[in-house]
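Here the structure comes first, spelled out in structure tokens, and everything after it is commentary.
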Amino acid sequence: MNGLLREMAVEDLEIVREWRNHPNIKKFMFSQKDVLPEEHLSWYQGAKSNNLKNLLVYIEDALPLGFVQFSAVRNQKSIVVWGFYIAPYANKGTGTKMTKLALEVAFNQLNAHKVFAEILAFNIPSIRLHQKLGFSQEGILKDHYFDGENYHDVHCFGLVNNYYHKILCSNLK
């Protein structure tokens, strides 16, 4: 069961939007409202025309099972912010496989110096995954996100290229 990441295509829009709007994914997003088809298309078209963004779909056994986005920081293109989610029906371990491949893309194809993530404090699965992948917690933004009722902390994680290559690369295979 080897997976691969490929560039997101217009044909992927509906499935990726369905995943994004699924309650188990949406609850961990910074915007928890449902994304409408026309909003999703507009987002996709904007991202595809932006050379600072990379949209990828994870495929395993010919099935789309996940989504990854890299957004380069405007004035420091070697720093990329990432976000991702897997299909709600994906098997356990799919997220780990997908993110390992995504890190290979970030560091070996996009030539990123650093991959950075902002994670809502209550998204424990993502925090654990980042720790497992070797990310360092770089800080906590206190009461940084308001969900309409409560403020939540945001955890900042980073993984630097040389650490990935020297220490982690052999463990991530």
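For reference, each letter of the sequence shown is one residue, going 598 to 770 in the numbering used here. Just so you know, even glycine gets a beta-carbon here, dropped at the ideal spot from N, CA and C.
- Taking the Cα positions, PHE743 is about 18 Å away from PRO620.
- With fewer than 16 other Cβ atoms from the protein chains shown falling within 10 Å of its own Cβ, LYS763 counts as exposed.
- Collapsing the DSSP output to three states places TYR655 in a strand.
- For SER639, the enclosing alpha helix (DSSP H) stretches over residues 634-645.
- In this structure, DSSP gives PHE732 a state outside helix and strand, which the three-state scheme calls coil.
- Per DSSP, the beta-bridge partners of SER668 are LYS650, VAL678.
- The three-state secondary structure of LYS739, taken from DSSP, is strand.
- Annotation: GLU604 is outside any alpha helix (DSSP H); the continuous beta strand (DSSP E) that includes it extends over 600-604.
- The three-state reading of DSSP puts GLY663 in strand, counting E and B together.
- Residues of the same chain with a CB within less than 6 Å of the CB of HIS749, apart from the 5 flanking positions on each side, are LEU717, ALA718, TYR742 in chain order.
- MET695 and GLN706 have their C-alpha atoms spaced approximately 16 Å apart.
- Per DSSP, the beta bridge partners of GLY755 are PHE713, SER733.
- Counting along the chain, the unbroken alpha helix (DSSP H) around PRO620 starts and ends at 620-623.
- As the crow flies, the alpha-carbon of ALA699 is around 23 Å from that of SER628.
- One alpha carbon belongs to HIS752, the other to GLY736, and they sit about 6 Å apart.
- In the assembly as shown, LEU756 is a buried residue. Its beta-carbon has 16 or more other beta-carbons within 10 Å.
- Here ASP750 carries a strand assignment [DSSP, helix/strand/coil].
- ASN651 is classed as buried because its beta carbon has at least 16 other beta carbons within 10 Å across all chains shown.
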